[in-house]
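Here the structure is laid out as C-alpha cells; the discussion comes afterwards.
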C-alpha cells in the first residue's frame with residue numbers, strides 16, 4: 001500500500017454519495033465525486049500537525065485508543081500552535097511507523113486502529129472550522145470500530161459524505177513529528193497532488209510539507 005487520498009465519492013449511505021449524488025453512479029467507476037477533479041487542481045493550504053502520541057507520552061497509541069476534537073485542541077495548546085479555520089489537520093498516532101518495527105502477523109492480529117471517535121460535537125467542530133482535509137498515519141483515519149455504537153468507520157460518512165471533508169490515510173508522519181518537535185514549528189505549507197485516476201474513488205498521493 002501507499003499514502004492514499006480518498007475522493008468525496010469514496011463512501012455512501014442511504015443510496016447517496018456526497019452532494020446527494022446517486023450511489024449507483026459508482027458502478028463501473030465514479031461518474032460523480034471522483035478523485036480526478038481534485039487531482040487536476042491539487043491540495044494546498046496551511047497544515048497543522050497534532051502529535052497525539054507525543055501528547056500522551058507514548059511512541060504509538062494503543063490499539064483502539066480514541067481521542068476527540070477536545071484532545072486535539074489540548075495537544076495543540078501543549079505544542080504552542082492553534083488550529084485555525086480552513087486548516088488541513090494532520091494527526092500522528094505512531095501507528096504506521098510501528099508497522100515497520102513489528103511482526104506483520106502481530107500487527108494485524110485482532111486488528112483495530114487508534115483514532116478519532118464519532119460524536120455530534122466532533123462533527124460540528126469540523127463543520128464550524130471548515131476543515132477541508134484530514135490526514136493521519138492510520139489506514140482508516142478513525143478508530144476502526146466505534147466503542148459506543150459498534151459501528152465501523154462512522155466518521156467516513158459523517159465527515160466525507162455529509163461535510164465534504166476529504167481523507168488522506170497511511171501518511172508516514174514520524175520524521176515530520178521529530179522535525180516539528182526539534183524546531184517547535186508545528187504549522188507549515190502543506191501540498192499534495194493525488195494521481196490523476198479517471199473515475200477513481202481514491203489515488204496514491206505524496207504530500208510535501210514546506211516550512
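Numbering (the working numbering), first residue to last: 1 to 211.
No residue lacks a Cβ here, since even glycine has one placed at the ideal position from N, Cα and C.
| Item | Value |
| --- | --- |
| Residue span of the alpha helix (DSSP H) that contains residue 99, given as start and end | 95-99 |
| Simplified DSSP state of residue 184, which is helix, strand or coil | coil |
| Residue 34 and residue 170 closer than 8 Å at C-beta | no |
| Counted within 10 angstroms of its Cβ, other Cβ atoms place residue 194 as buried (16 or more) or exposed | buried |
| Residue environment, residue 216, which counts as buried when at least 16 other CB atoms sit within 10 Å | Nothing can be reported for residue 216: it is not among the residues displayed for the chain, which extend from 1 to 211. |
| Terminal residues of the beta strand (DSSP E) in which residue 46 lies | 43-51 |
| Outcome for residue 55 when other beta-carbon atoms lying within 10 angstroms are tallied against a minimum of 16 | buried |
| N- and C-terminal bounds of the alpha helix (DSSP H) containing residue 108 | 104-108 |
| Residue environment, residue 230, which counts as buried when at least 16 other CB atoms sit within 10 Å | No information on residue 230 is available, as it lies outside the stretch 1 to 211 that the chain covers here. |
| Counted within 10 angstroms of its Cβ, other Cβ atoms place residue 59 as buried (16 or more) or exposed | exposed |
| Proximity winner among 158, 94, 136, relative to residue 122 (alpha-carbon distances) | 158 |
| Which listed residue (20, 39, 43, 21) has its alpha carbon closest to that of residue 134 | 43 |
| Neighbourhood of residue 144 by C-beta distance below 8 Å, restricted to the same chain and skipping five residues each side | 64, 111, 112, 113, 115, 152, 153 |
| Proximity of residue 17 and residue 197 at Cβ, strictly below 8 Å | no |
| Given residue 183 as reference, the closest of 189, 79, 167 once Cα atoms are compared | 79 |
| Sequence-distant residues of the same chain with beta carbon closer than 8 Å to residue 9, five excluded per side | 17, 18, 21, 25, 26, 30, 32, 33, 34, 201 |
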